[in-house]
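Just remember that this note's numbering sits 6 ahead of the position in the sequence shown, which is counted from 1.
Don't be surprised by glycine CBs; every beta carbon is placed ideally from N, CA and C.
Let me begin by presenting the structure, written as structure tokens, before commenting on it.
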Amino acid sequence: MQLDPETHQMTAIVLAGDRTKADSLINHTNAGSKAMIDLDGIPMVRRVLNSLRSARVVKAIHMSGPEASEVATDAALQGWVDKGEIDWCEPGASPSTSAYDTMRKLVPEEAILLTTADHPLLTSEIVDAFGRQSLADDVDVAVGLAPYALVAEAYPGIKKTVLHFSDGDFCGCNLFAFITPEGRRAARFWRKIEQQRKKPLVVIGLLGWWAVIRYRLGWLSLEEALAKLSKRLGLRIRAVILPYANAAIDVDSIADLMLVKGAMEKAAAEDA
Numbered sequence: 007m008q009l010d011p012e013t014h015q016m017t018a019i020v021l022a023g024d025r026t027k028a029d030s031l032i033n034h035t036n037a038g039s040k041a042m043i044d045l046d047g048i049p050m051v052r053r054v055l056n057s058l059r060s061a062r063v064v065k066a067i068h069m070s071g072p073e074a075s076e077v078a079t080d081a082a083l084q085g086w087v088d089k090g091e092i093d094w095c096e097p098g099a100s101p102s103t104s105a106y107d108t109m110r111k112l113v114p115e116e117a118i119l120l121t122t123a124d125h126p127l128l129t130s131e132i133v134d135a136f137g138r139q140s141l142a143d144d145v146d147v148a149v150g151l152a153p154y155a156l157v158a159e160a161y162p163g164i165k166k167t168v169l170h171f172s173d174g175d176f177c178g179c180n181l182f183a184f185i186t187p188e189g190r191r192a193a194r195f196w197r198k199i200e201q202q203r204k205k206p207l208v209v210i211g212l213l214g215w216w217a218v219i220r221y222r223l224g225w226l227s228l229e230e231a232l233a234k235l236s237k238r239l240g241l242r243i244r245a246v247i248l249p250y251a252n253a254a255i256d257v258d259s260i261a262d263l264m265l266v267k268g269a270m271e272k273a274a275a276e277d278a
């Protein structure tokens, strides 16, 4: 069923748990968790939440993680949780488990927008653009992508996992939409491939060896890949191509953190 993007809203889920505490970023910043890394006086996860709270397409926010002791270190974040403005729960054993468990608590008819705590350059404009397009398409699942050329132009030398297709190169944006109750089945599939998220060839391999060969030769298009995945899962899956370089910037390393800080300083200087 196609939803009206002008009137329908989505429930947002933010994944804010840690894969491991033995993380170079956590050690580098002396933060208690990745989500709570300080960026100019504001924890990273609160920057993501600010954007979701300002987005017109978002009606409610659920946050999986960080641990209660970490939430308590930030008065504003704790206040939102105490007032019920943010529904918080302990994180699961992995991001995909956290997503799956949180979705199971929500009524099946709710359209879900999923993102992560390590997305500090996310804006309400990006959220609304992704959410509106996801709702406008007659799909079960939507995946946010940004053209690699756009990202590389804005951030020369950036190291990103790049998906190479015959119709273009793309970067993931840590933005996913589960529009229908059926679409949530994709979360179960995600749990199977989570450890391979940085290996495009392994993921493409799930579509069959012919797809791998076509991908390696540059013959496989993004549309064809998503059509094959849709057929495999019995779902309608589409990509939402976002014209925002910042949509593809997450903080996975110390280099990413330095890049984000530089982008924030540049933006502040331009606004001054």
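Exposed or buried, which one is residue i when buried takes at least 16 other CB atoms within 10 Å?
i: residue 240; result: exposed
i: residue 75; result: exposed
i: residue 189; result: buried
i: residue 140; result: buried
i: residue 54; result: buried
i: residue 36; result: exposed
i: residue 24; result: buried
i: residue 114; result: exposed
i: residue 275; result: exposed
i: residue 110; result: exposed
i: residue 65; result: exposed
i: residue 166; result: buried
Given this structure, state the Cα-to-Cα distance separating residue i from residue j, to the nearest angstrom.
i: residue 168; j: residue 254; result: 11 angstroms
i: residue 245; j: residue 183; result: 10 angstroms
i: residue 294; j: residue 193; result: Missing from the structure shown is residue 294; the chain here goes from 7 to 278 and no further.
i: residue 271; j: residue 264; result: 11 angstroms
i: residue 48; j: residue 83; result: 10 angstroms
i: residue 142; j: residue 14; result: 10 angstroms
i: residue 86; j: residue 78; result: 11 angstroms
i: residue 174; j: residue 181; result: 19 angstroms
i: residue 238; j: residue 213; result: 7 angstroms
i: residue 224; j: residue 278; result: 45 angstroms
i: residue 230; j: residue 29; result: 36 angstroms
i: residue 90; j: residue 215; result: 48 angstroms
i: residue 196; j: residue 269; result: 31 angstroms
i: residue 160; j: residue 226; result: 27 angstroms
i: residue 34; j: residue 235; result: 38 angstroms
i: residue 211; j: residue 132; result: 31 angstroms
i: residue 59; j: residue 136; result: 15 angstroms
i: residue 256; j: residue 153; result: 15 angstroms
i: residue 108; j: residue 258; result: 23 angstroms
i: residue 158; j: residue 191; result: 33 angstroms
i: residue 52; j: residue 262; result: 18 angstroms
i: residue 138; j: residue 112; result: 20 angstroms
i: residue 170; j: residue 116; result: 33 angstroms
i: residue 164; j: residue 148; result: 25 angstroms
Cβ atoms of residue j and residue i: under 7 angstroms apart, would you say?
i: residue 18; j: residue 67; result: yes
i: residue 16; j: residue 119; result: yes
i: residue 248; j: residue 122; result: no
i: residue 128; j: residue 70; result: no
i: residue 179; j: residue 150; result: yes
i: residue 130; j: residue 61; result: yes
i: residue 186; j: residue 146; result: yes
i: residue 100; j: residue 72; result: no
i: residue 144; j: residue 63; result: no
i: residue 156; j: residue 273; result: no
i: residue 126; j: residue 266; result: yes
Assuming residue i contacts residue j under a Cβ cut-off of 8 angstroms, what Cβ separation, rounded to an integer in Å, is found between them?
i: residue 80; j: residue 42; result: 7 angstroms
i: residue 260; j: residue 31; result: 6 angstroms
i: residue 228; j: residue 243; result: 11 angstroms between Cβ atoms; not a contact.
query = Three or more C-beta pairs closer than 8 angstroms, one from the segment 216-232 and one from the segment 95-103: is that the case here?
reply = Contact fails: fewer than three Cβ-Cβ distances are below 8 angstroms.
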